[in-house]
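With numbering that gives the first Met the number 0 applied, the sequence shown covers 0 to 321.
By construction, the Cβ of each residue, glycine as well, lies at the ideal position given by its N, Cα and C atoms.
See below for the structure under consideration.
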Amino acid sequence: MSSNLHPMLNVAIKAARAAGAIINRAALDVEAVRISQKQINDFVTEVDHAAEQAIIETLLTAYPGHGILAEESGSEHGSKHSEYVWIIDPLDGTTNFIHGFPVYCVSIALAVRGKVEQAVVYDPSRNDLFTATRGRGAFLNERRIRVSKRTRLGECLISTGFPFRPGDNFKQYLNMMAEVMPRTAGLRRPGAAALDLAYVAAGYTDGFFESGLSIWDVAAGGLLVTEAGGLVGNFTGEADYMEQRECLAGAPRIYGQLVTLLGKYSKFASAGDKAAVRQAAEVTEVAGVAGDEAAAQSPDDATPTAPDSAAEDTQTRPTAAP
């Protein structure tokens, strides 16, 4: 721990590293980890619980009067009425972790009177430590980081998260992806929102958007982005996003361009924008039905013929490289 850091940030770093040690030990034999399911496609492991316990014990040992808001235990621990509340995701990217896919992290933020003042995002598989204190900048392994300098969306790499819960609006998300994908250099889905935000802060990606997120997914990463010179809000660009279950972040010029593309899909969009989205979806659906009917009536489909052996070989075997 550094003597130059805010004392509360130092304690958060200690807690994050304790959780990371538990996660790394478990990652050596991930198949032995006990897994349960909170809801469809939403998993929790004994590692989540053990890491969360280690974090809470570390924080409350140093600050017994502080409050806790944690993904697995909620506000069960700590003071219920403190102005200081630690917001904790002990293992963001659990689904990645249980598959051995090394994209996951520990996320810890401290909110004081509702405003996030300290942030730690720790990637234990890479030993990457992202930290921020409000007004003091954002850092990766004690090196100052800044958001990307790119200004043209066509040159940008954007990260996102796909919907995976029952009731999620899959069609709308596909429409959002269709807005973004052809206008960028690439769209990525790493699978850990806190780390996605940290990567925006470090300039590894130029922007990020996702809906359905909880406060512990975005609290620490959001401060990293703003302290690195970026912007973060909901899809319409409003800054009060943490409990709105939609998050958009990016370098300032890219953020503005993403708001233009995605704002109409926000649950906070204007009635006119929402109507336009519904109308476009209806037109697309009608066109799709018409296309299906035309394909069903096509004479080409009526009497399929078996290919001769040479043609079949061409279809089923890759051509050898010259």
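Output the distance between the C-alpha atoms of residue i and residue j, rounded to the nearest integer angstrom.
i	j	result
Gly160	Pro101	16 Å
Val46	Ile87	14 Å
Ala11	Glu237	28 Å
Tyr254	Ala177	17 Å
Phe169	Pro162	6 Å
Cys104	Leu196	11 Å
Ser265	Glu242	14 Å
Asn9	Glu82	19 Å
Ser74	Phe208	27 Å
Gln6	Ser72	The sequence shown places Pro at residue 6, not Gln. Near 25 Å, if we compare the C-alpha coordinates of Ser72 and Pro6.
Report the option in the options whose CA atom is closest to the CA atom of residue i.
i	options	result
Ala18	Arg145, Glu30, Val119, Ala192	Val119
Ile97	Lys170, Ala31, Val115, Leu109	Ala31
Ala61	Gly206, Gly77, Asp122	Gly77
Gln256	Lys148, Leu152, Thr94	Leu152
Phe129	Val258, Leu222, Ser81	Leu222
Ser124	Arg16, Ala49, Phe207	Arg16
Asn95	Tyr83, Arg133, Val43	Val43
Thr57	Ala69, Lys13, Ser81	Lys13
Ala108	Ala193, Ile21, Gly262	Ala193
Pro89	Val29, Val115, Ala20, His65	Ala20
Ala50	Ala25, Val29, Gly64, Ala184	Ala25
Asn3	Glu71, Ala131, Arg112	Ala131
Ser126	Phe234, Ile22, Gly232, Leu247	Inspection of the sequence shows that residue 126 is occupied by Asn rather than by Ser. Ranking Phe234, Ile22, Gly232, Leu247 by Cα distance to Asn126 puts Ile22 first.
Arg182	Asn174, Asp205, Glu154, Thr204	Glu154
Going by the DSSP bridge assignment, what does residue i pair with across the sheet?
i	result
Ile144	Ala137
Lys114	Val111
Leu186	Ile157
Val231	Ala248
Glu131	Reading off the sequence shown, one finds Ala at residue 131, where the question assumed Glu. Beta-bridge pairing links Ala131 to Ala118, Ala137.
Phe68	Residue identity check: residue 68 is Leu in the sequence provided, not Phe. In the DSSP output, where bridge partners are listed per residue, Leu68 has Ile86.
Ile34	Thr44
Ser106	Asp88, Val120
Tell me the residue span of the alpha helix (DSSP H) that contains residue i.
i	result
Tyr172	169-179
Tyr198	192-201
Asn95	93-97
Asp216	214-226
Along the beta strand (DSSP E) that carries residue i, what are the first and last residues, could you check?
i	result
Gln19	A small correction: the amino acid at residue 19 is Gly; Gln does not occupy that position in the sequence shown. From DSSP, Gly19 is part of no beta strand (DSSP E) but of the alpha helix (DSSP H) over 6-26.
Phe207	206-210
Is the stretch 217-229 touching the stretch 198-205 in the sense that three or more CB pairs, one from each, lie closer than 8 Å? yes
Check whether the stretch 132-146 touches the stretch 182-190, taking contact to mean three or more Cβ pairs, one atom from each stretch, closer than 8 Å. no
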